[in-house]
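Residue numbers -25 to -1, 1 to 246, in mature numbering (1 follows the signal peptide of the UniProt record, and there is no 0), belong to the letters of the sequence shown in order. Written out below as structure tokens is the structure these notes cover.
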Amino acid sequence: MKNTIILIFFFLTLVPSLFSQPSSAGFAHPLQIEPIAVYTKIRGNIGYWDKDFNQVKEINKEINVEGEYKFTETFSVISSIGRNQYSQTDTAKEITWDRWNAGIKYGKIFENGSSQFLIGAGLRLYDKKRNAEFRERENPDFYLIRPNFGLGYKYGIFQIMSEFRFQTETNRHGKESQFEEFKRYYQVGIAPSFAIADSVRIFTELEYREPLDKIADKNLRYFNLYPGVSMNTESFGTFSFSVLLGVLPKADNAMDRGIRFSYFYFFDTSQ
């Protein structure tokens, strides 16, 4: 029911500006890291990653839709829904809905002659993961809290956006017990990109995640490179494609390789 309400909400708020793509001013949307710029958009993702180590293979497939609505020049709200399929050697496939989530973002652009600077922050809250089994990577019975902030810079065909993220599990009381320990990590991402044509942009994003408990939660650690490309059309949105390449040794990286296809449709709410 919550998922249906979210979809209806974003559809109703975006319909008045349908078919009006925004101008090229501002920052292009990165393909992997969480952007600190604010948008009014719908985004669809299809993704895959796997890990094969010590004769155990993990495969994760996902499909999701994300909606963001910019209700002022500097603030937006965001949410997403999706389905996830996870499998591991000698275990049955697990198919679940993503966690219900909602967030708020702040992003402000400062003009400096022919360049632009961006500063932003956000907070995203995630519900429990319903009908899911406990896995080493996450506890479905806990909530998630994820604040982030970052900076951006744009000059000519070049732009770069960064993100620092912290995530912690929590319960209704916000306290750990002797038998309940929260998984926590911090994550740093950077997304440089170049416009090689009016409608084509190439990305070389990097993302590093480190758990606070480096022993118990070592399977959360990764350092990944995401080369990708996006192509903007005049009336039919933006199409993008990126691959995931693990940088750390297999024993230390949560993922080996992956791929993601994304579609964006941006709406102009400035009128």
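Don't be surprised by glycine CBs; every beta carbon is placed ideally from N, CA and C.
Item checked: Closest Cα partner of residue 75 within the set 97, 87, 65, 104 -> 104
Notebook entry, point to check: Per DSSP, residue 136 is paired with what?
Noted result: 127, 166
Next item on the list: Would you kindly check if the distance between the Cβ of residue 83 and the Cβ of residue 60 is under 8 Å?
Entry: Cβ atoms of residue 60 and residue 83: not closer than 8 Å.
Next item on the list: Inspect the beta-carbon positions of residue 249 and residue 149 and report whether they are closer than 8 Å.
Entry: In this structure the chain extends from -25 to 246, so residue 249 is not present and cannot be described.
Check: What distance in whole Å lies between the Cβ atoms of residue 234 and residue 219, which are believed to be in contact at a cut-off of 8 Å?
Finding: 7 Å
Next item on the list: Counting only the same chain and skipping the five closest in sequence on each side, list residues whose C-beta sits under 6 Å from that of residue 91.
Entry: 84, 129
Checklist line | Helix, strand or coil at residue 207 according to DSSP, with G and I counted as helix | finding: strand
Item checked: With 16 other Cβ atoms within 10 Å as the buried cut-off, status of residue 156 -> exposed
Notebook entry, point to check: Mapping DSSP to helix, strand and coil, what is residue 195?
Noted result: helix
Check: Three or more C-beta pairs closer than 8 Å, one from the segment 5 to 14 and one from the segment 175 to 190: is that the case here?
Finding: yes
Checklist line | residue 131 to residue 86 span [Cα, whole Å] | finding: 13 Å
Item checked: residue 88 - containing beta strand (DSSP E), residue span -> Careful: residue 88 lies outside any beta strand (DSSP E) and carries neither H nor E.
Item checked: For residue 229 and residue 110, the rounded distance between their alpha carbons -> 13 Å
Notebook entry, point to check: Whose C-alpha, out of 152, 99, 93, is nearest the C-alpha of residue 136?
Noted result: Residue 136 has its Cα closest to that of 93, out of 152, 99, 93.
Check: What does residue 145 pair with, by DSSP beta-bridge criteria?
Finding: 118
Notebook entry, point to check: Residue range of the beta strand (DSSP E) that residue 181 falls in?
Noted result: 175 to 186
Margin query: Can you list, in chain order, the residues of its chain with a C-beta nearer than 6 Å to that of residue 64? Leave out the 5 residues immediately preceding and following it.
Written below: Same-chain partners within the cutoff: 31, 32.
Next item on the list: Tell me whether the beta-carbon of residue 205 lies closer than 8 Å to the beta-carbon of residue 211.
Entry: no
Note to self: Please classify residue 175 as buried or exposed, where buried requires at least 16 neighbouring CB atoms within 10 angstroms.
What the structure shows: Burial check for residue 175: the Cβ neighbour count within 10 Å stays below 16, so the residue is exposed.
Note to self: In this structure, how does DSSP classify residue 157 when only helix, strand and coil are distinguished?
What the structure shows: coil
Note to self: Just verifying my parser: in three-state terms, what is the DSSP assignment at residue 223?
What the structure shows: coil
Check: What are the residues that DSSP puts in a beta bridge with residue 56?
Finding: Residue 56 pairs with 40.
Notebook entry, point to check: For chain B, is any of its Cβ atoms less than 8 Å away from the one on residue 165?
Noted result: The chain inventory of the structure shown lacks chain B, comprising one protein chain alone.
Next item on the list: Would you tell me roughly how many angstroms separate the C-alpha atoms of residue 188 and residue 195, rounded to the nearest one?
Entry: 10 Å
Notebook entry, point to check: Start and end of the beta strand (DSSP E) containing residue 17?
Noted result: 16 to 28
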